[in-house]
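Take the sequence shown: its letter number 60 is residue 1111 in my numbering, and every next letter is one higher. Every residue gets a Cβ at the ideal spot worked out from N, C-alpha and C, and that includes glycine. Note that the structure is predicted; figures quoted are calculated from it, not measured.
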Amino acid sequence: MIKAIITDIEGTTSSIDFVHQSLFPYAKQHMRAFLRAQAGNDAVQRELAEVERQENRDLSLNEAADVLEQWIAEDRKYTPLKALQGMIWRQGYEAGELKGHVYADTPEALRRWQGQGLRLYVYSSGSEEAQRLIFGYSDAGDLTPLFSGYFDTRVGGKREAASYRNILKQIGLPGEQVLFLSDIGEELDAAQAAGLKTCQLLRDERTRPAAGHQQVQKLTEVVV
Ligand SMILES: CSCCC(=O)C(=O)COP(=O)(O)O
Ligand SMILES: [Mg+2]
């Protein structure tokens, strides 16, 4: 019996276009000025040190901005990039320049599952802060009270089975009691290898159908 659902964001609760046409360009446009303005901020310093560690060289602020802009263009899921994106998006949401996209069926399904007593979690490559923001400032209002927890790349990459085992350990449930929702076959395969139940969202013609998983077009069609 399923006791918890873990959901991906991009392509699952929210559109790929919102992430790639609104969020990523916003982060790219504001990255350089954000780094200059926040260079003295400890949290920003820590992430910049991680960027230097990953690049294996010292970086001026401008060089770091060049690297981060390139990572955004390449859709890298690197933890320091994701952390900095989250900080930049916070400014955008708080200024009213961003509103988190969720599909119309997303709040309905989340509320129904919560009403059935299921625990709901997010697992996204976006940082925990970015996850709280997209649902907190969503175009359907604040959806964060529906979630029991958030997981990001600090538990590992979404295409690695070990990441899902790590999440299971943290939420204290066996894999067969947890359903993972995503649009990406490699993520579903990794979750399945860790023992989770899986369901693929086919919302977008660009999504490649993945064999061996339940498949639906909307969250309200998921069989729990
Ligand atoms: C938290 S919204 C931004 C999502 C993001 O940065 C991203 O890279 C998409 O990751 P997902 O794991 O949700 O496909
Ligand atoms: Mg996705």
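Legend entry - beta-carbon M1072 near ligand 1 non-hydrogen atom, thresh 7 Å: As a working mapping, residue 1072 is identified with position 21 in the sequence shown. Before going further, note that residue 1072 is Gln rather than Met in the sequence given. For ligand 1, no non-hydrogen atom lies closer than 7 Å to the CB of Q1072.
Inset, instruction - Check whether the Cβ of S1176 sits closer than 7 Å to any heavy atom of ligand 1, and report yes or no. - result: Mapped onto the sequence shown, residue 1176 falls at position 125. Answer for S1176: yes, Cβ within range of ligand 1.
Inset, instruction - Just tell me which of L1270, N1217 and P1260 has its CA closest to the CA of L1247. - result: Mapped onto the sequence shown, residue 1247 falls at position 196. Nearest C-alpha to L1247: N1217.
Inset, instruction - Identify every run of the beta strand (DSSP E) within the segment 1171-1243, keeping only runs that are complete inside it and at least 3 residues long; order them along the chain. - result: For the segment 1171-1243, whole beta strand (DSSP E) runs of length 3 or above, ordered along the chain, are 1200-1202 and 1229-1233.
Legend entry - DSSP state of I1057 mapped onto helix, strand, coil: In the sequence shown, residue 1057 corresponds to position 6, counting from 1. Secondary structure at I1057: strand, using DSSP grouped into helix, strand and coil.
Inset, instruction - Taking all protein chains shown into account, decide if T1271 is buried (16 or more other Cβ within 10 angstroms of its Cβ) or exposed. - result: Within the sequence shown, numbered from 1, the residue matching residue 1271 stands at position 220. By the 10 Å Cβ count, T1271 comes out exposed.
Legend entry - Cross-strand partners of S1065 (DSSP beta bridge): For this step, residue 1065 is matched to residue 14 along the sequence shown. DSSP output for S1065 lists E1061 as bridge partner(s).
Inset, instruction - Answer with buried or exposed for K1220, where buried requires no fewer than 16 other C-beta atoms within 10 angstroms of its C-beta. - result: On the sequence shown, residue 1220 is found 169 positions in, with the first residue counted as 1. Classification of K1220: exposed, given that the 10 Å Cβ count is below 16.
Inset, instruction - Quick one: using the 10 Å Cβ neighbour count with 16 as the cut-off for buried, is S1111 buried or exposed? - result: Translated into the one-based positions of the sequence shown, residue 1111 becomes position 60. Classification of S1111: exposed, given that the 10 Å Cβ count is below 16.
Inset, instruction - Compute the minimum distance between the beta carbon of S1233 and the heavy atoms of ligand 2, and state whether it is under 7 Å. - result: Here residue 1233 refers to the residue found at position 182 when the sequence shown is read from its first residue. Yes.
Legend entry - L1123 CB to nearest heavy atom of ligand 1 below 7 Å: Numbered from 1 along the sequence shown, position 72 holds the residue referred to as residue 1123. Reading the sequence as shown, one finds Ile at residue 1123 and not Leu. Distances between the C-beta of I1123 and the heavy atoms of ligand 1 are all 7 Å or more.
Inset, instruction - May I have the straight-line CA-CA distance separating K1079 from L1197, to the nearest angstrom? - result: What you label residue 1079 is simply residue 28 of the sequence shown in a count that begins at 1. What you label residue 1197 is simply residue 146 of the sequence shown in a count that begins at 1. K1079 and L1197: Cα-Cα distance of roughly 30 Å.
Inset, instruction - Please classify Q1072: is it buried, with 16 or more other beta-carbons within 10 angstroms of its beta-carbon, or exposed? - result: Working through the sequence shown from its first residue, we reach residue 1072 at position 21. Exposed: under 16 other Cβ atoms inside 10 Å.
Legend entry - Nearest residue (CA-CA) to Y1174, options T1258, R1210 and Q1167: Here residue 1174 is taken as the residue at index 123 of the sequence shown, counted from 1. Taking each of T1258, R1210 and Q1167 in turn and checking the Cα distance to Y1174, the smallest one comes out for R1210.
Inset, instruction - Find the nearest neighbour of H1152 within the set Q1089, R1083, G1192 and M1138, judged by alpha-carbon distance. - result: On the sequence shown, residue 1152 is found 101 positions in, with the first residue counted as 1. It is G1192 whose Cα lies nearest to the Cα of H1152.
Legend entry - 8 Å contact criterion, which G1137 and E1180 should meet: CB distance rounded: Translated into positions along the sequence shown, residue 1137 becomes position 86. Translated into positions along the sequence shown, residue 1180 becomes position 129. Between the beta-carbon of G1137 and that of E1180 there is about 4 Å, and that keeps the pair under the 8 Å contact cut.
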